[in-house]
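In full-length UniProt numbering, the protein residues as written are 1 to 140.
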């Protein structure tokens, strides 16, 4: 079996470099690299996907594991930040990699989430998903 090649696509370069060092210490593998991405920015997601698609032939596993909590802001694209990062970002990134995943015989997509939404008693306004009213009402 071939050794895995892992790409850590993360927002914070310093913290990712620290994780990379820890992975190397534990595994001894140099088959890990860093790719910077901000899931709150559709442009950043598209740029990351373009860079990786330019050099990858296939993608065996995509793990979507990013999230924000308790933030009162909008994304650079104007979406409520929780919706942008926790949902739209993962959706766009996954869709941009689907063709590469079709090239892998047993490709998998893993979405990691939390249960933190259960701590709030809110109703989402599906007619205006970008509103910050929910945040203002519950986080301030």
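Even glycine gets a Cβ: it sits at the ideal position worked out from N, Cα and C.
Look at the alpha carbon of residue i and the alpha carbon of residue j, and state the distance between them as a whole number of angstroms.
i          : j           : result
residue 6  : residue 104 : 15 angstroms
residue 14 : residue 114 : 24 angstroms
Buried or exposed: which applies to residue i, given that a residue is buried once 16 or more other Cβ atoms fall within 10 Å of its Cβ?
i           : result
residue 64  : buried
residue 112 : exposed
residue 18  : exposed
residue 88  : buried
residue 73  : exposed
residue 33  : exposed
Are the CB atoms of residue j and residue i within a distance shorter than 8 angstroms?
i           : j          : result
residue 42  : residue 92 : yes
residue 85  : residue 39 : yes
residue 107 : residue 52 : no
residue 144 : residue 10 : This structure cannot speak to residue 144, because the chain is shown only from 1 to 140.
residue 49  : residue 83 : no
residue 4   : residue 30 : no
residue 109 : residue 62 : yes
Exercise. Which residue spans inside the stretch 31–104 form an unbroken beta strand (DSSP E) run of at least 3?
Worked result: 32–36, 61–64
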